[in-house]
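Novice:
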Amino acid sequence: MSKKNPKDKTVSLPGHPRPSSAAWANEAGLLAAASPGFLAEHGATMPVPPPGVVQSRPEAPCRLAEIDPDAPGSSDGKAQAEADLAEVRARIRDLQERLYAERKRSLLVVLQAIDTGGKDGTIRHVFEGVNPQGCQVASFKTPSAEELDHDFLWRYHRQVPARGMIGVFNRSHYEDVLIVRVKQLVPEAVWRPRYDLINDFERLLTLSGTTVLKIFLHISKAEQKERLEARLADPTKNWKFDPADLVERQSWDAYQGAFQDALTLCGTRLAPWHVVPANRKWFRNLAVARLVADTLEAMDPRYPEQTADLSGITVPD
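Numbering (full-length UniProt numbering), first residue to last: 1 to 317.
#1: With the cut-off set at 9 angstroms, would you say residue 195 and residue 172 are in Cβ contact?
#2: When you compare each of 149, 154, 119, 147 to residue 137 by their alpha carbons, which one comes out closest?
#3: Beta carbon of residue 80, beta carbon of residue 272: below 9 angstroms?
#4: Got a sec, what are the start and stop residues for the alpha helix (DSSP H) residue 221 sits in?
#5: So which of 145, 274, 269 has the shortest CA-CA distance to residue 259?
#6: Whole angstroms is fine: what's the gap from residue 103's alpha carbon to residue 296's?
#7: If you drop the 5 nearest sequence neighbours on each side, which residues of the same chain put their C-beta closer than 6 angstroms to that of residue 27?
#8: Apply the 10 Å Cβ neighbour rule to residue 268 and answer buried if 16 or more other Cβ atoms are within range, or exposed otherwise.
#9: Just to check my reading of the structure: residue 277 and residue 70 have Cβ atoms closer than 8 angstroms, yes? What is that Cβ distance to the nearest angstrom?
#10: Does residue 136 come out as helix, strand or coil in the three-state DSSP assignment?
#11: My assumption, with CB atoms under 8 angstroms, is that residue 52 sits in contact with residue 298. Please give the rounded CB distance.
#12: Could you spell out where the alpha helix (DSSP H) holding residue 252 opens and where it closes?
#13: Give the secondary structure of residue 217 by DSSP, where H, G and I count as helix, E and B as strand, and everything else as coil.
#14: Does the distance from the C-beta atom of residue 168 to that of residue 123 stay below 9 angstroms?
#15: Out of 121, 282, 219, 237, which has the shortest C-alpha to C-alpha gap to residue 68?
#16: Any Cβ of chain C within less than 9 angstroms of the Cβ of residue 282?
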């Protein structure tokens with residue numbers, strides 16, 4: 001049995017201890033010992049988040065009220081960001097091809113946000129041009145009868161990307177400590193232990209070769225109001241409006257508290273959370289694209305080594 005690392009501090013809700021986890025940057029040796037075929041070979045580390053993005057720390061609580069959802073930027077920030085985004089998307093396409101060719105590891109991008117937070121738009125803008133053979137998106141809504149007959153992680157584990165793939169979760173396993181908690185769909189005695197189970201699940205994925213990149217799109221309540229009103233005002237966006245969103249909006253504070261606890265209790269060193277200010281869509285898109293590209297570069301996927309001698313081969317007419 002491995003000894004607990006003294007550097008691995010924990011933050012937990014009262015009466016709810018959280019298990020320790022190994023660090024990417026400073027404890028790569030521990031990860032490499034558990035998964036020598038992946039991390040030891042490549043020496044992967046989690047990247048430093050881009051400017052404006054707040055990365056969770058295991059030793060400190062995450063307080064959303066202290067993070068400004070309006071990203072800093074100048075009057076010409078949008079134009080420059082869109083130009084930069086094109087370059088970053090090119091990086092993602094190149095790295096995805098290498099990941100797909102290597103076929104040893106995978107990347108799971110977890111996107112969470114409150115209603116109108118911009119998950120769909122982020123996916124559309126960040127992964128534009130990515131080879132669809134190497135990327136899959138899974139959305140999670142109300143569980144089916146079959147899914148309810150299994151443990152709460154079953155339906156998520158089925159959608160984890162295979163080796164060589166980039167997977168995107170549009171909502172995720174965190175719904176089972178978010179909407180389930182806010183709407184009191186199950187007792188607290190059921191949802192509270194799930195933080196530890198989620199940490200164990202993500203540790204399993206990481207040590208099996210799946211890097212877990214978790215992103216929370218942070219918008220203000222005023223911004224949500226504007227986006228809901230825009231859906232009502234534009235006939236081409238009416239289909240996006242759901243009256244249930246107004247009901248959920250009444251629970252804004254409860255959702256913020258639930259998000260905050262998830263970011264704190266599941267912001268491990270293996271899989272930290274990244275809070276992206278998302279009031280400005282152009283900033284959001286660029287920040288998320290940089291997170292994806294930088295994470296792929298840290299994974300350092302490589303084309304397979306050529307074992308056969310191809311020098312004497314000719315293609316017949």
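Glycine included, each C-beta is placed from N, C-alpha and C at the ideal position.
Specialist: Inspection of the coordinates gives the following:
#1: no
#2: 119
#3: no
#4: 221-233
#5: 274
#6: 13 angstroms
#7: Here residue 27 scores only 43 on pLDDT, less than 50, and its place in the model should not be relied on; the value that follows carries that caveat. Excluding residues within five positions, none has a Cβ falling inside 6 angstroms.
#8: buried
#9: 6 angstroms
#10: strand
#11: Their Cβ separation, rounded to whole angstroms, is 19 angstroms, which puts residue 52 and residue 298 out of contact at 8 angstroms.
#12: 252-265
#13: strand
#14: yes
#15: 219
#16: Of the protein chains in this structure there is only one, and it is not chain C.
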